[in-house]
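Numbering (the numbering used here), first residue to last: 1492 to 1587.
All C-beta atoms, glycine included, are put in the ideal place defined by N, C-alpha and C.
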Amino acid sequence: MIKDILKTLKALASKRRELSLIEVRKYDSDYEQAMGKAVELRDKYEEMGLKPEDKEIIEALLDSLDEVEIAQVNLTYLAGLADCLLILDRLELFQL
């Protein structure tokens, strides 16, 4: 049951997180710089002329790192929501 609840919460939080990030990213120069660097490195990677089997391994690594990052971000967002609820509960503005 806990796994089902967590799965549902992750799905709901993921959508909300995406919408929130779209808005917040507009004002974050650190994000823009990091994204610029990532695009630059991706272009350099594409120009490297790697063997197909080497490129396949690197692509698989990058995909798995993306999956780990997405899972971590979703869990972090859920933890933040839980913290907000606990704070509201402790301030007696919301009852759990």
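> Leaving out the 5 sequence neighbours to the left and right, which residues in its chain are closer than 6 Å to SER1505 when beta-carbon positions are compared?
Replying inline: Taking the first residue of the sequence shown as 1, we reach residue 1505 at position 14. Around SER1505: ASN1565.
> Any idea what DSSP makes of GLY1540, helix, strand or coil?
Replying inline: Numbered from 1 along the sequence shown, position 49 holds the residue referred to as residue 1540. GLY1540 falls in the coil class under three-state DSSP.
> In whole angstroms, what separates the C-alpha of LEU1577 from that of ARG1516?
Replying inline: Locating residue 1577 in the sequence shown gives position 86, where the first residue counts as 1. Locating residue 1516 in the sequence shown gives position 25, where the first residue counts as 1. One Cα belongs to LEU1577, the other to ARG1516, and the distance between them is close to 27 Å.
> When you compare each of ASP1534, PHE1585, LEU1572, GLU1583 to ARG1507 by their alpha carbons, which one comes out closest?
Replying inline: What you label residue 1507 is simply residue 16 of the sequence shown in a count that begins at 1. Distance from the Cα of ARG1507 is smallest, within the candidate group ASP1534, PHE1585, LEU1572, GLU1583, for LEU1572.
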